[in-house]
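Enquirer: Once you know that position 282 of the sequence shown is 281 in numbering that gives the first Met the number 0, the rest is easy, because the numbers rise by one and skip nothing. Ideal Cβ positions, reconstructed from N, Cα and C, are used throughout, including at glycine. In this text, all values refer to a predicted model and were calculated from it rather than measured experimentally.
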Amino acid sequence: MDDTSRAQPNGTPERPLTDAGDPRGRPDQGDDRQRPAGKRRTTTSSFGTGRRESHDATPFYSRNLHRGPAAPGRILLQALMAASSGVPPGGGPDGSAQACPAASELPLDGSPWVDRIYCHSAEDMSVIPDGEVGLAFTSPPYNVGKEYDDDLHLAAYLDLIQAVGQEVYRVLRPGGRYVINIANLGRKPYIPLHMFFYELHMRIGFLPMGEIIWRKARGASGSCAWGSWMSAKAPRLRDVHEYLLVFAKGDYSRPDKGISDISRDEFLESTLSVWEILPESAKRVGHPAPFPVELAERVIRLYSYVGDVVLDPFMGSGTTCVAALRTGRHYVGFDVEPDYCALAEARLAEASRQGDPGASSTTDPRQ
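Written out as structure tokens, the structure is:
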């Protein structure tokens, strides 16, 4: 037994004291308010409060629990510490530290690669120069499509997501955002895809900005897969939500300036962490997970400027591209399915011709 855990007379180990006299290693808070016996203020007492933005969590994440290369918080801590330097942890696919490339200041109108869709894998987006995209918003398909293989193993699926994520990182402007709509899968076993997505994209160099819960409300609660009915034997949760994971490149704040077109009320609603947006009728669309245009438009107005390029690397039928067009942004879309590419072209042509194609009532049969 070392000298930091000496035994007390009653046989219990004595915890080491700090200079401030707190056996838990925390300095005296200097708060004279009365507290119940045995109740002390902790350095994490502000966690989960509405004033989280003013709370410094660095001491908490610097404790031994989060130390070591395999510690669960290590990757997150490295990403957070990189925010002030502009250099991602690992810097990219080869692990070398790289600063974010500067964005071009040339106007985008007339550029040959914008306002187009590409019918091939987003694993290769070499048509897009470095640092030109303001926002990427996508909903990766769960079964990816016949060109990728309908039944990828999880590791192969994540390899694909990583390859696309590396390209997204390259084409984003400094401070640009990558928003990913994802749902967890299965019950036996339950696959927490959003956890894999966090680790994967933070290894690429993305900084986590937060997550939005898309609550699909009563329109998505018709599942009967509740497991053991009215019994504790094996009840199953019925998901009525999906995630929007929000990442930033290099910095949480965009260094460039632009025009925002979000109203006060929209901003107040959109900055809440739960969005309640009804899905479209799955029966009408012929798919259990329709993707509403309203979701894409809200993301675009919150996280991009007017005139930005909005990228969707898994565009499906082009919903994100249509939303970008409707909100005064440029778009770029990629998909491997020729049928989806043709449908996206038709929808974009209608949007361009009519100005307001009523696309918010049209859904994107992705996933």
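1) Along the chain, where does the alpha helix (DSSP H) containing His200 start, and where does it finish?
2) Can you give me the C-alpha to C-alpha distance between His240 and Asn180, rounded to a whole angstrom?
3) In whole angstroms, give me the CA-to-CA distance for Leu192 and Ala182.
4) Pull the bridge partners of Gly306 from the DSSP assignment, please.
5) Measuring CB atoms only, is the segment 192-210 touching the segment 327-335, in the sense that at least three cross pairs come out at less than 8 Å?
6) Thinking just about the alpha-carbon of each residue, which of Ile160, Val308 and Pro139 is nearest to the one in Val325?
7) Over what stretch of residues does the beta strand (DSSP E) that includes Pro155 continue unbroken?
8) Can you list, in chain order, the residues of its chain whose CB lies under 8 Å from that of Ile258, leaving out five sequence neighbours each side?
9) According to DSSP, which residues form a beta bridge with Ile211?
10) Let me confirm a value: Lys215 is counted as buried when at least 16 other C-beta atoms fall within 10 Å, else exposed. Which label applies?
11) So, Val132 versus Leu243, is the Cβ gap smaller than 8 Å?
12) With 16 as the cutoff for other CB atoms within 10 Å, does His329 come out buried or exposed?
13) What residue from Lys256, Tyr168 and Asp264 has the CA that sits closest to Gly249's CA?
14) Classify Pro140: buried if its beta carbon has 16 or more other beta carbons within 10 angstroms, exposed otherwise.
15) I'd like the ranges of any beta strand (DSSP E) spanning at least 3 consecutive residues and lying wholly in the segment 105-138.
16) If you reduce the DSSP assignment to three classes, tell me which class Asp264 lands in.
17) Is it right to say Ala345 is buried, meaning 16 or more other beta carbons lie within 10 angstroms of its own, or is it exposed?
18) CB-CB under 6 Å to Trp112, same chain, minus the five flanking residues each way: which ones, in chain order?
19) Round the Cβ separation of Phe205 and Ala247 to the nearest angstrom and send it over; I've been treating them as touching at under 8 Å.
20) Taking C-alpha atoms, which residue in Arg297, Thr318 and Ser110 lies nearest to Ile211?
21) Can you grab the Cα-Cα spacing for the pair Ser230 / Trp213, in whole Å?
22) Determine the burial state of Ser262: buried for a count of at least 16 other Cβ atoms within 10 Å of its Cβ, exposed for fewer.
23) How about Ile203 and Gln165: do their beta carbons lie closer than 8 Å?
24) Out of Leu134, Ser138 and Phe195, point me to the one whose CA is closest to Pro173's CA.
25) Can you give me the Cβ contacts of Val178 inside the same chain, cut-off strictly under 6 Å, excluding the 5 residues immediately before and after it?
26) Is any heavy atom in the ligand HEM found nearer than 7 Å to the beta carbon of Arg253?
27) Leaving out five residues on either side along the sequence, give the residues of the same chain with a beta carbon under 6 Å from the beta carbon of Arg253.
28) Ignore the nearest five residues each way along the sequence and tell me which others in Leu347's own chain have a CB closer than 7 Å to its CB.
29) Work out the CA separation of Val273 and Pro26 for me, nearest whole Å.
30) Pro337 by DSSP, collapsed to three states: which one?
31) Name the DSSP beta bridge partners of Tyr177, please?
32) Assign Leu301 to one of three DSSP states: helix, strand, or coil.
33) I need the straight-line Cα distance from Asp129 to Arg235, nearest angstrom please.
Expert: On the basis of the coordinates in this document:
1) Leu192 to Ile203
2) 11 Å
3) 7 Å
4) DSSP, once it has assigned bridges, lists no residue as partnering Gly306.
5) no
6) According to the sequence displayed, residue 325 carries Arg and not Val. Cα-wise, what sits closest to Arg325 is Val308.
7) At residue 155 the sequence reads Ala, which differs from the Pro that was named. Counting along the chain, Ala155 falls outside any beta strand (DSSP E), though it belongs to the alpha helix (DSSP H) covering Leu153 to Val170.
8) Tyr304, Val305 and Gly306
9) Leu243
10) buried
11) no
12) buried
13) Tyr168
14) buried
15) 115-117 and 132-137
16) helix
17) exposed
18) Val126 and Ile127
19) 7 Å
20) Arg297
21) 29 Å
22) exposed
23) yes
24) Leu134
25) Phe136, Leu243, Val245 and Val298
26) For the structure depicted, the ligand HEM is absent and the ligand set is empty, with no information on it obtainable.
27) Gly174
28) Gly317, Cys320, Val321 and Leu324
29) At Pro26 the pLDDT is 41, less than 50, meaning the model places this residue with poor confidence and gives no usable figure here.
30) helix
31) Ala135 and Phe246
32) helix
33) 45 Å
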